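Structure first, then comments.
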Amino acid sequence: MASSENSATLLYLYFGFARTVLLISSCNSFGIETVLYFTMLFYAICPYIICGKNIKWHGFSNVHWADVAAEQLMKKGEKHVLATAITPSGPIHVGNLREVITTEAVYRALKDRGAKAELIFIADTFDPLRKVYPFLPEKYEKYVGKPLAEIPCPCGEHENYAEHFLQPFIHVMDELGIKPKIYRAYEIYKEGRYNEAIKIALDNADKIKAIIEKISGRDLPEKWMPFNVKCEKCGKLKGEIYEYDYPFAKYRCSCGYEGSVDLRKGGIGKFPWRIDWPARWKIFGVTFEAFGKDHAASGSSWDTGKEIAKQVFKYEPPMPLVYEFIHLKGKGAMHGSTGVAIAASEAIKILPSEVLRFLFMKYEPNRHIEFDTGFSLLDLIDEYDRYERIYFGMEEKIAGMKDEKRVYELSQPYGIVSKSPIKISYRHLAIVAQIAKDFDEAIEIIKRKIELKDYDETRLKERYEKIIYWLKNYAPEEIKFEVKEELPELKLKNDEKKFLIELEKNFDGIEWDAEKIHATIHESAKKSQISAKKAFQLIYMLFIGKDRGPRAGYFLQSLGKDFVMKRIREAYQS
RNA sequence: GGGCUCGUAGCUCAGCUAGGUAGAGCAUCUGGCUUUUAACCAGAUGGCCGGGGGUUCGAAUCCCCCCGAGCCCGCCA
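Residue numbers for the first sequence follow this note's numbering, beginning at 5 and rising by one.
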């Protein structure tokens, strides 16, 4: 396959050559023999120029981005620590999800290459609460500035504020098959694992200050120190060090309190982000980290972080991978604080976990992703199914697909399924789910046309539940239908009236059964000489005010005979 | 002002690393299916590849300039 692509390329080269010869001979202007000679020479050596030393006859490979990153890491060594970090200051959204899904994909790619890799997740639970977010009660004002891990849980059911937002996210990671070693910054500080870094940073305060001022262009206060003490009186991370004499530091808090701390004790304060980041690289031996483009802007924390790592902590910065933000369709980038966000725990309720992974796998990290909870959601799921069929050889790859098998593999939360389940178009399922009372009835409806095995039913169950949730909370009105309480306004032509009268007459004598109803509609249409298409359109108009709808027989059956007969009468009498 | 990303069919995007006849899905339209589960099957319509220059026999692809869109650049993360 790939080598035939190569042959095709060579063919093109020679076609081009032939065209050139024709062109030149038709022009027949000057030095034609010389031109021909060089042209031929060029094309003769062209394949070698193109492929060079690395002639890859199975080449033209398009390698998945996760594999590209893994390959680069393998060149550096076979032991890696891949870090992800999120601050649980509010609901953790789909945008944050990219952080862990992207990193985990590289982690898997490394594992596939036999590397020793570790995936870690650091929850920044020691960060202070920045402000009273819209989703918080007013009384949280008094906690602003305190560490997230020391603030009460908003719902009262979790250990603290940080856990309240962290737990649902950990659950989502689990559903996605992402199982990192989880650390909480609050504990790490408390256990003293930062202590050495704190001493190094404070000893090198001037150096750090110079790096930040030079690279970010900021002006820091003259006596700036790269560490915030947690005030012993108010508990906020607002203590500024004004006198440093290891192991003690005297600080002044914004609340007015002045005190002194022993820096050898854990958890007495915290680094600002720009120092925290490089410090943690060294503490955990991080060799790879993916981060959002906000960190990557010039002069931002990546620029200062890598210098601080090298010059102060004497640590080689990890390999970076910058990812773009997730946009909510039509509303811009997701941001917890602006409210433009879909919580990760919400996304997993409307999308099967493998499809949620798929969304991140199929785009390169540097592309922004439009997350749409509307119709595109259905297309996304159907697209995933197509990848699955291709993976199992049930369908041919279509043009425009990239690394389709690898994308599919990396989308699996828990390994490749043993066989491809029967595919029901998701759009179709959305209709069936609206006709059926419950899952069992939905299965019955589907089984009328398609044979299902137990295995397929199990797979469908998850999708059914998710689509029900979606229909209830996100689906656009166009896909929903409901039976009109009143007869919609209609202008019936004579033949249409005739059809309805005929229909009523025929319905009267039959058993109220889907198949019979359906047959009767066809018969009546024939008798009154209107097309079946028109007949069905008319029926849909009568009951749901649209010219299309769910399969008529079953639909009318579920509405009940009395209701249907009454509506038909009303229609032709109007 | 600095940085990153993007601009290809109505929409969502492949194709660009390594130049060789412009692609897919969805949407739309037409036809088929004498059962319409908004299904399924077949076909069609649809693009000066953002604009301009350059390199080349040949540019969506490489180089330069411009235009437009989005995001990031105090602190915090």
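Using N, Cα and C, we set each Cβ at its ideal position, and we do this for glycine too.
This structure is a prediction, so every number in the text was calculated from the model and none was measured.
Contact between F503 and K550 is absent: CB atoms are separated by about 18 Å, not below the 8 Å threshold. Sixteen is the threshold: when 16 or more other Cβ atoms of the shown chains lie within 10 Å of the Cβ of D307, as they do, the residue is buried. Between the segment 83-95 and the segment 117-127 there are three or more inter-stretch CB-CB distances shorter than 8 Å, so the stretches are counted as touching. The Cβ-Cβ distance between A518 and Y468 does not fall below 8 Å.
Burial is judged here by how many other beta carbons sit within 10 angstroms of a residue's own beta carbon; G419 has fewer than 16 and is exposed.
With respect to the 8 Å criterion, D499 and Y430 are not classified as neighbours on the basis of their beta carbons. Around the Cβ of K310, a 10 Å sphere holds 16 or more other Cβ atoms; the residue is buried. Under the three-state reduction of DSSP, P172 is assigned to helix. Shown here, K135 sits in coil according to DSSP, grouped into three states, outside any helix or strand. CA-to-CA, the gap between F540 and K565 works out to about 17 Å. The DSSP-derived three-state label of F295 is strand. Taking one beta carbon from each stretch, the segment 148-157 and the segment 236-255 have 3 or more pairs nearer than 8 Å; the two touch.
In this structure, L224 lies near K213, with their beta-carbon atoms less than 8 Å apart. When the alpha-carbon of P321 is set against those of E399, A294 and A301, the nearest one is in A294. Contact between G303 and I428 does not hold, since their C-beta atoms are separated by about 52 Å, which reaches or exceeds 8 Å.
The criterion of a C-beta distance shorter than 8 Å is satisfied by F317 and K286. For the pair D512 and A479, the Cα-to-Cα distance works out to about 37 Å. When beta bridges are read from the DSSP output, K185 appears opposite I124. Membership of I435 in the alpha helix (DSSP H) is indicated by the continuous run Y430 to I439. For G263, the uninterrupted beta strand (DSSP E) segment begins and ends at E262 to D266. Under the three-state reduction of DSSP output, H331 falls in the strand class.
With respect to A70, L414 sits close: the two C-beta atoms are nearer than 8 Å.
Looking only at I521, F231, T129 and N232, the smallest Cα-Cα distance to R188 is reached by T129. A straight line joining the alpha-carbon of S357 with that of F288 spans about 29 Å. Separation of the CB atoms of N164 and I174 is rounded to 14 Å, and the pair is thereby denied contact status at 8 Å.
Inclusion of A523 and I543 in the CB contact set at 8 Å is not warranted, their separation being larger than that value. DSSP lists no beta-bridge partner residue for G303. Between the alpha carbons of E506 and E515 lies a distance of about 16 Å. Straight across, the Cα-Cα distance linking A529 with Y558 is about 18 Å. Positions of the alpha helix (DSSP H) runs, each at least 4 residues long and wholly inside the segment 340-373, are given as 348-354 and 357-365 in order along the chain. Of the candidates G273, G263 and S264, the residue whose Cα lies closest to the Cα of P230 is G273.
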